[in-house]
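Residue numbers (UniProt numbering), protein chains in the order written: chain E, 1 to 302; chain A, 1 to 302.
C-beta atoms are modelled at their ideal positions from N, C-alpha and C, and glycine is treated no differently.
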């Protein structure tokens with residue numbers, strides 16, 4: 001292995017010189033982040049003895065990422081997806097939420113945002129449906145409901161916003177599927193009532209593959225990995241006085257739940273979609289999911 | 001400092017799981033390179049406790065790199081330039097040439113290719129001029145000459161190709177400066193004669209700034225660094241039986257030679273442009289530069 005070779009085989013001052021090239025007006029945080037980035041990039045290159053051709057392949061790969069973003073009118077963010085495939089978004093999410101989860105309390109686990117969230121999802125009435133284009137033939141309508149509470153007091157949080165987005169039964173989100181879905185299909189925001197309750201109708205989610213073309217598929221192929229995400233529902237719960245929670249929920253019977261290609265599954269996010277108890281002409285399944293939010297400033301979250 | 005915090009603060013199995021996600025059909029080299037890349041990216045993120053916003057800034061930055069490459073018709077490779085600014089191209093060059101330079105012999109030092117080499121430079125006659133658009137007002141014509149030899153036998157290498165490219169006196173290469181320069185101005189290839197000799201007329205080079213717009217300038221600004229490259233001439237010397245040499249030569253009186261913004265200067269590449277000895281109506285300066293090439297296969301160069 002290249003990594004067994006002594007580090008002093010290469011100029012021992014090179015990396016230091018590059019890092020110390022930063023001038024006095026560099027902010028302390030930029031110095032810390034960029035200094036560590038330079039050190040790790042150099043250590044990586046020395047450790048594997050990166051060849052000129054391999055580095056050039058990397059340059060081409062990065063250019064291809066930005067090209068696809070630009071030529072897709074910024075709807076296809078392969079750079080974001082590459083970070084997911086390498087586990088970076090999940091790791092950054094873990095880091096961001098470590099400070100809360102190191103406390104004694106137990107707020108709802110977070111998970112990655114992913115590239116399909118939209119800032120334009122409409123508000124809908126409590127009890128409404130997010131499938132605005134009708135139920136697809138193999139869709140299983142689920143009544144999702146729960147209570148949003150303050151993690152410290154246990155009191156409900158009236159007015160908290162529950163934002164949900166999900167792929168359709170064909171595994172595609174609205175903006176990947178303009179022939180079958182109108183914009184904002186399977187997206188919606190709901191405002192919790194005075195008891196902190198929310199409820200609406202969505203679909204049992206469907207597992208899907210990341211796109212099998214483009215740079216992320218190229219990378220997955222190099223690593224001999226499957227491109228499957230387990231079925232999931234995305235949620236983002238926010239309130240002006242609380243730290244928001246972005247997460248994903250996974251049906252416990254999904255075959256990909258143990259090998260998510262973006263490493264986003266956490267044990268407590270695996271949930272049970274049950275046959276609905278109270279007869280409801282609209283739904284065959286139900287999912288109860290309660291969310292606990294930490295007040296802003298709790299444990300000094302960054 | 002974040003790096004003083006214990007590593008076990010975060011899930012100790014996460015990185016291992018991502019790396020072990022690679023399937024059995026991954027090639028050994030891809031496993032080595034991508035495994036090390038994932039490990040260093042994760043270690044970097046944990047060490048600086050990278051925030052979601054910082055990571056997102058990075059995603060936007062990468063997308064901007066590819067966008068500028070695409071929208072410039074692939075003439076402006078900011079991804080390549082970012083690698084130079086971070087010292088990566090120089091480091092990869094050092095790694096590639098370490099095996100030769102660890103031998104007892106002393107071949108000509110290499111340096112980075114940079115983003116301005118062209119595969120289309122024309123062959124010119126020995127003794128010709130590379131400034132095909134005339135000598136710019138502040139240009140100092142230099143007669144460059146030397147011998148290309150086999151590093152082991154000391155014998156000349158007839159037919160070796162000496163490819164030179166340089167910026168004009170305004171600090172711009174032909175494809176950055178279409179209003180003042182025709183394509184292939186200040187570029188040319190020369191074939192050494194039967195004694196391994198080459199000679200031609202070029203300009204004393206001029207220091208220049210990297211572009212002061214776009215992502216590489218943004219990064220330099222964050223690091224409070226100047227964007228200057230010392231004056232230099234690029235050369236690439238090749239022959240089918242020898243390992244090629246790509247390098248750059250720097251005038252020893254240049255003010256930026258100690259702080260090159262792409263870290264490409266090596267001591268033995270700093271040269272003396274002297275007033276020309278034998279009277280020559282065409283030139284005011286001369287530069288003698290001899291090149292030593294290693295035969296293919298020497299020291300098992302990768």
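Unbroken alpha helix (DSSP H) run spanning residue i, endpoints
{"i": "residue 20 (chain E)", "result": "14-20"}
{"i": "residue 84 (chain A)", "result": "78-85"}
{"i": "residue 49 (chain E)", "result": "Where residue 49 (chain E) is concerned, there is no enclosing alpha helix (DSSP H), given that its DSSP letter is neither H nor E."}
{"i": "residue 287 (chain A)", "result": "Residue 287 (chain A) -> not in any alpha helix (DSSP H); beta strand (DSSP E) instead, spanning 285-288."}
{"i": "residue 216 (chain A)", "result": "215-222"}
Bridge partners - residue i, DSSP secondary structure assignment
{"i": "residue 164 (chain E)", "result": "E:188 and E:235"}
{"i": "residue 295 (chain E)", "result": "E:242"}
{"i": "residue 67 (chain E)", "result": "Per DSSP, none; premise fails for residue 67 (chain E)."}
{"i": "residue 54 (chain E)", "result": "BP columns for residue 54 (chain E) are empty, so no partner."}
{"i": "residue 249 (chain A)", "result": "A:233"}
{"i": "residue 109 (chain E)", "result": "Answer by DSSP bridge pairing: none, since residue 109 (chain E) is not bridged."}
{"i": "residue 270 (chain A)", "result": "A:250"}
{"i": "residue 179 (chain A)", "result": "None; residue 179 (chain A) has no bridge partner."}
{"i": "residue 123 (chain A)", "result": "A:189"}
{"i": "residue 275 (chain A)", "result": "A:285"}
{"i": "residue 209 (chain E)", "result": "E:228"}
Buried versus exposed, by CB contacts within 10 Å (16 or more), residue i
{"i": "residue 66 (chain E)", "result": "buried"}
{"i": "residue 163 (chain A)", "result": "buried"}
{"i": "residue 179 (chain E)", "result": "exposed"}
{"i": "residue 125 (chain A)", "result": "exposed"}
{"i": "residue 300 (chain A)", "result": "Since pLDDT at residue 300 (chain A) reaches only 45, below the 50 mark, its modelled position is unreliable, and the value read off the structure follows with that caveat. Residue 300 (chain A) is exposed by the Cβ-count criterion."}
{"i": "residue 84 (chain E)", "result": "buried"}
{"i": "residue 72 (chain A)", "result": "exposed"}
{"i": "residue 8 (chain A)", "result": "Interpretation of residue 8 (chain A) is limited by its pLDDT of 47, a score under 50 that renders its predicted location unreliable; the figure taken from the coordinates is listed afterwards. Answer is exposed; the Cβ neighbour count stays below 16."}
{"i": "residue 200 (chain E)", "result": "buried"}
{"i": "residue 94 (chain A)", "result": "buried"}
{"i": "residue 53 (chain E)", "result": "exposed"}
{"i": "residue 280 (chain E)", "result": "exposed"}
{"i": "residue 27 (chain E)", "result": "exposed"}
{"i": "residue 268 (chain E)", "result": "exposed"}
{"i": "residue 260 (chain E)", "result": "buried"}
{"i": "residue 226 (chain E)", "result": "exposed"}
{"i": "residue 47 (chain E)", "result": "buried"}
{"i": "residue 25 (chain A)", "result": "exposed"}
{"i": "residue 168 (chain A)", "result": "buried"}
8 Å Cβ shell around residue i - same chain, five flanking residues per side excluded
{"i": "residue 31 (chain E)", "result": "22"}
{"i": "residue 6 (chain A)", "result": "Confidence at residue 6 (chain A) is low in this model, with a pLDDT of 45, below 50, so the placement of that residue should be treated as unreliable; the coordinate-derived value is given next. Nothing meets the Cβ criterion."}
{"i": "residue 271 (chain E)", "result": "249, 250, 251, 252, 287 and 289"}
{"i": "residue 282 (chain E)", "result": "129, 141, 143 and 201"}
{"i": "residue 277 (chain A)", "result": "286"}
Residue i: first and last residue of the uninterrupted beta strand (DSSP E) it sits in
{"i": "residue 150 (chain A)", "result": "141-150"}
{"i": "residue 200 (chain A)", "result": "197-203"}
Residues near residue i by beta carbon distance below 7 Å, same chain, minus five either side
{"i": "residue 256 (chain A)", "result": "207, 228, 229 and 230"}
{"i": "residue 80 (chain E)", "result": "115"}
{"i": "residue 273 (chain A)", "result": "142, 204, 251, 285 and 287"}
{"i": "residue 55 (chain A)", "result": "none"}
{"i": "residue 75 (chain E)", "result": "175"}
{"i": "residue 214 (chain E)", "result": "68 and 78"}
{"i": "residue 183 (chain E)", "result": "174"}
{"i": "residue 304 (chain E)", "result": "This structure cannot speak to residue 304 (chain E), because chain E is shown only from 1 to 302."}
{"i": "residue 265 (chain E)", "result": "230, 250 and 257"}
{"i": "residue 4 (chain A)", "result": "Residue placement at residue 4 (chain A) is poorly supported in this model, since its pLDDT is 46, which falls under 50; the coordinates still yield a value, given next. Here the set comprises nothing."}
Nonlocal neighbours in the same chain, by C-beta distance under 6 Å from residue i, ignoring five residues either side
{"i": "residue 19 (chain A)", "result": "35 and 38"}
{"i": "residue 263 (chain E)", "result": "87 and 90"}
{"i": "residue 197 (chain E)", "result": "147"}
{"i": "residue 292 (chain E)", "result": "107, 108, 149 and 151"}
{"i": "residue 384 (chain E)", "result": "Residue 384 (chain E) lies beyond the range of chain E shown here (1 to 302); nothing can be said about it."}
{"i": "residue 294 (chain A)", "result": "100, 107, 151 and 243"}
{"i": "residue 97 (chain A)", "result": "110"}
{"i": "residue 171 (chain A)", "result": "206 and 208"}
| Is the number of C-beta pairs between the segment 85-92 of chain A and the segment 39-46 of chain E that are closer than 8 Å three or more? | The segment 85-92 of chain A is in contact with the segment 39-46 of chain E.
| message | Can you confirm whether the segment 280-296 of chain E touches the segment 245-255 of chain E when touching is taken to mean that 3 or more C-beta pairs between the two stretches lie within less than 8 Å? | response | Yes, the segment 245-255 of chain E touches the segment 280-296 of chain E.
| Cβ contact check for the segment 215-224 of chain A and the segment 57-73 of chain A: 3 or more pairs under 8 Å | Segment contact: the segment 215-224 of chain A against the segment 57-73 of chain A, three or more CB-CB distances shorter than 8 Å; contact assigned.
| field | Three CB pairs or more closer than 8 Å across the segment 170-185 of chain A and the segment 142-155 of chain A | value | By the C-beta criterion, the segment 170-185 of chain A is judged not to be in contact with the segment 142-155 of chain A, since fewer than 3 inter-stretch pairs fall below 8 Å.
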